[in-house]
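As they're listed, the protein sequences go chains X and F.
If you count by the working numbering, then the first sequence holds residues 35 to 119, one letter each, in order.
If you count by the working numbering, then the second sequence holds residues 2 to 420, one letter each, in order.
A short write-up of the structure that comes next.
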Amino acid sequence: MMETRYENADKIYVCVQAVFYTDGSLRPVTLVWEDGREYAVDKVLDIRRAASLKAGGTGIRYTCRIAGKETYLFFEEGRWFMERK
Amino acid sequence: MERVILHADLNNFYASVECLHRPEIRNQPVAVCGNQEARHGIVLAKNYLAKATGIQTGEAIWQARRKCPYLVVVPPNYPLYLRYSRLARSIYADYSDQVEPFGLDEAWLDVTRSHHICGDGKKIADGIRERIKYEMGVTASVGVSWNKIFAKLGSDMKKPDATTSITRENYQQVVWPLPADELLYVGRATKRKLAYYGICTIGDIAGADPLFLKSRLGKWGEVLWAFANGCDNSPVTHLGEEAIIKSIGNSITTPRDLRNDEDVWMTICILSESVAARLREQGFKCRTVHVYVRDKDLFTCGFQGKFIKPTNLSKNLAEKAMALFKEHYNWSNPIRSLGVRGCDLVTADANEQLSLFCDEGRQIRQENLELTVDILRRRFGNLAIQRAVLLQDSDLRSIDPKEDHVIYPVAFFKEGHLP
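Here it is as structure tokens:
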């Protein structure tokens, strides 16, 4: 039985390019925002499991610096999402 | 040493997970209800806003709607709840290897031996609650006590997101005034019977004559008396989550000593098939295979090797095990027993990087073949289908490691069975 997925306006699924390292770890490198613009992930500041109350979900949360701002990028069940500001 | 038992209960579990994933309904009364068409149209779980209107679990949807016309009814999403249940269990596993799930949303933990590392029961309970809130976005209530019964009672006392300690000092004030049916395994019928004799609270049960309770309720009477007095010694079982299973292996002392590579190959085939079938049953693949050899002088040695990618196919296990054996064993002595073990486990449903350098089509065919063998064996017994190589030797052929290897789960309380 597959998990039913819910859509909501505050959970924005994004297209991410990531590197899979040989030790199994995973780092996002660039992402495409919903308006089509591509952003580079300048730095990953923190990685931990965390829930997103705003977007509704839980996953591995990457705290990233993107265009000079800190933002969260979540990896949940094989998909990446961000919270709408 | 006094035991430290925790009982963690995820508050309004199904409804909480739904509300987390659907922010738009979070501030409305929500009930997760079974399928109306399939005649399961009852309330399975509800959030606090729905609870405030008096809706109860088990009610029909129409009854619930009468109490709360604006009730948001959502169908259950079990795979999602399973994911959250697994997440919770993986958090528990960080504090103890004794984690006994009780449904999807409850679990007992025996943390007696963790206090040097993680602190006392309350500290561990608070830590678990924090992590559940932070990592999963839902809340839990945790009861702390020296036995499972009071730990469970504790988790029911303060909700949501609270820790309740029931100690030898306070249990008479905390537990005894509670109505009798708060005690685990006091259902409606028992409650009625007890009330007939003026026994209405847990304290009344504790204060009653156990022989009287036995004469009225049978063996259960004594058990309930023991529960009410905190005399429950049932252990928290080691059953549980993947993280707790580190490896899956089988070994056998063969009916006769093994004298050459052919004998060893036959035995390795049998063992690998059993290990592979158990890996598949448990939903695992292994990244490493370990071979264990004991010769007729009882000298023991072991060798291990890694797979390029995780596998749960007996063919891969057997070939790798045999290669390791040939590489390392010099036949100084005939062999008395042999073991094959899959370690470094990963879950079988994880995504997999396909390789350019091996024949993936062949792997898939092998997988289908082994799954078919699993089905045949499930229906007709483990000896129903065998490798042709085993026909050479009737002694070795009769070995049935999978059937002989039984893990007996220690249920806390199977329906109708007393501890």
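Cβ atoms here follow ideal geometry from the backbone N, Cα and C, with glycine treated the same way.
**Study point:** Continuous beta strand (DSSP E) stretch holding ARG90 of chain F: start and end
**Key:** Note, ARG90 of chain F: premise wrong, no beta strand (DSSP E); alpha helix (DSSP H) at 79-93.
Exercise for review: Run the CB neighbour count on MET2 of chain F, radius 10 Å, all protein chains shown included, and call it buried at 16 or more, exposed below.
Suggested key: By the neighbour-count definition (other C-beta atoms within 10 Å, threshold 16), MET2 of chain F is an exposed residue.
Point to revise | Short-range partners of chain X found in the segment 90-110 of chain F, where Cβ spacing is below 8 Å | key: Closer than 8 Å at the C-beta level to chain X, one finds no residue of the segment 90-110 of chain F.
**Study point:** Same chain only: Cβ atoms within 6 Å of THR58 of chain F, ignoring 5 sequence neighbours per side
**Key:** Here the set comprises VAL44.
Point to revise | Under 9 Å by beta carbon: chain X residues contacting GLU172 of chain F | key: Going by the sequence as given, residue 172 of chain F is Tyr instead of Glu. The premise fails here: TYR172 of chain F is roughly 34 Å from chain X at the closest Cβ pair, so nothing lies under 9 Å.
Practice item. Return helix, strand or coil for SER216 of chain F, following the three-state DSSP convention. Key: Looking at SER216 of chain F - three-state DSSP - the assignment turns out to be helix.
Review point. Name the residues in the segment 40-51 of chain X whose C-beta lies less than 9 Å from a C-beta of chain F; which are they?
Key: Considering only beta carbons, the part of the segment 40-51 of chain X lying closer than 9 Å to chain F consists of TYR40, ASN42, ALA43, ASP44, LYS45, in chain order.
Review point. Does the beta-carbon distance from VAL341 of chain F to LYS321 of chain F come in below 7 Å?
Key: In this structure, VAL341 of chain F keeps its C-beta atom at 7 Å or more from the C-beta atom of LYS321 of chain F.
Review point. For ALA141 of chain F, which three-state DSSP category applies?
Key: DSSP places ALA141 of chain F within a strand segment (E or B) once states are collapsed to three.
Check your understanding: With 16 as the cutoff for other CB atoms within 10 Å, does PHE54 of chain X come out buried or exposed?
Key -> The residue is exposed, with fewer than 16 neighbouring Cβ atoms inside 10 Å.
Practice item. In angstroms with no decimal places, state the Cα-to-Cα distance between TYR409 of chain F and THR238 of chain F. Key: A caution first: TYR409 of chain F carries a pLDDT of 27, below 50, which makes its placement in the model too unreliable to give a value.
Exercise for review: Determine which residues share a DSSP beta bridge with PHE54 of chain X and list them.
Suggested key: Per DSSP, X:LEU60.
**Study point:** Short Cβ contact (7 Å threshold) for ILE129 of chain F with VAL112 of chain F
**Key:** No, the Cβ-Cβ distance between ILE129 of chain F and VAL112 of chain F is not below 7 Å.
Review point. Sorted by chain position, which residues of the same chain lie with C-beta nearer than 6 Å to HIS329 of chain F's C-beta, five sequence neighbours on each side aside?
Key: Within the same chain, HIS329 of chain F has close Cβ partners PHE304.
Practice item. Look at the alpha carbon of ASN261 of chain F and the alpha carbon of ASP375 of chain F, and state the distance between them as a whole number of angstroms. Key: Near 29 Å, if we compare the C-alpha coordinates of ASP375 of chain F and ASN261 of chain F.
Check your understanding: Beta-carbon of GLY128 of chain F versus every beta-carbon of chain X: anything under 7 Å?
Key -> Not closer than 7 Å to any Cβ of chain X, the Cβ of GLY128 of chain F fails to qualify, so no.
Practice item. Provide the residue(s) that pair with TYR47 of chain X in DSSP beta bridges, ordered along the chain. Key: TYR47 of chain X is bridged to X:PHE115.
Exercise for review: Use the C-beta contact count for TYR172 of chain F: other C-beta atoms within 10 angstroms, 16 or more gives buried, fewer gives exposed.
Suggested key: Buried, by the Cβ-count rule.
Review point. Using a Cβ-Cβ cut-off of 8 Å (strictly less than) and excluding sequence neighbours within five positions of LEU299 of chain F, which residues of its own chain qualify?
Key: Non-local C-beta neighbours of LEU299 of chain F in its own chain, meaning closer than 8 Å and more than five positions away in sequence, comprise ARG337, ordered along the chain.
Review point. Looking only at its own chain, which residues have a Cβ that is under 8 Å from the Cβ of VAL139 of chain F, when we skip the five neighbours before and after it?
Key: Contacts found: LEU11, ASN12, PHE14, SER17, VAL18, LEU21, TYR85, ILE133.
Review point. Can you find a CB in chain X that lies within less than 7 Å of the CB of ASN78 of chain F?
Key: It does; some Cβ of chain X falls within 7 Å.
**Study point:** Closer than 6 Å: LEU154 of chain F CB and nearest the ligand COA heavy atom
**Key:** With respect to the ligand COA, the structure shown offers nothing to examine, as it has no ligands at all.
Review point. What is the residue span of the beta strand (DSSP E) that PHE109 of chain X lies within?
Key: Per DSSP, PHE109 of chain X belongs to the beta strand (DSSP E) from 103-110.
Check your understanding: Which residues in the same chain have their Cβ closer than 6 Å to the Cβ of LEU225 of chain F, if we skip the five residues on either side of it in sequence?
Key -> Only ILE206 meet the Cβ criterion.
Point to revise | Reduced DSSP secondary structure (H/G/I, E/B, other) of THR238 of chain F | key: Coil at THR238 of chain F, not helix or strand.
Check your understanding: So what does VAL422 of chain F bridge to, in DSSP terms?
Key -> Nothing about residue 422 of chain F can be read from this structure; chain F reaches only from 2 to 420.
Exercise for review: Tell me where the alpha helix (DSSP H) around THR268 of chain F begins and ends.
Suggested key: For THR268 of chain F, the enclosing alpha helix (DSSP H) covers residues 262-283.
Review point. Is it true that the CB of ALA190 of chain F sits closer than 7 Å to the CB of ILE200 of chain F?
Key: In this structure, ALA190 of chain F does not lie closer than 7 Å to ILE200 of chain F by Cβ.
Check your understanding: Is it right to say GLN99 of chain F is buried, meaning 16 or more other beta carbons lie within 10 angstroms of its own, or is it exposed?
Key -> Residue environment: GLN99 of chain F is assigned as buried (16 or more neighbouring CB atoms within 10 Å of its CB, all protein chains considered).
Check your understanding: For ARG67 of chain F, which of helix, strand or coil comes out of DSSP?
Key -> In this structure, ARG67 of chain F counts as helix in the three-state DSSP scheme.
Practice item. Please report how far the alpha carbon of LEU110 of chain F lies from the alpha carbon of GLU72 of chain X, in whole angstroms. Key: Distance between the alpha carbons of LEU110 of chain F and GLU72 of chain X is about 47 Å.
Check your understanding: So ILE203 of chain F packs on LEU179 of chain F, CB below 8 Å; how close in whole Å?
Key -> Contact between ILE203 of chain F and LEU179 of chain F holds: their C-beta atoms lie close to 5 Å from each other, under 8 Å.
Review point. Which residues share a DSSP beta bridge with ASP10 of chain F?
Key: In the DSSP output, where bridge partners are listed per residue, ASP10 of chain F has F:GLU107, F:SER142.
**Study point:** With 16 other Cβ atoms within 10 Å as the buried cut-off, status of GLU60 of chain F
**Key:** Buried, by the Cβ-count rule.
Check your understanding: Under 7 Å between C-beta atoms, does GLU110 of chain X make it to chain F?
Key -> Output row for GLU110 of chain X: interface = no.
Point to revise | Proximity winner among F:PHE103, F:SER333, F:LEU88, relative to PRO80 of chain F (alpha-carbon distances) | key: Checked all of F:PHE103, F:SER333, F:LEU88; the closest Cα to PRO80 of chain F is F:LEU88.
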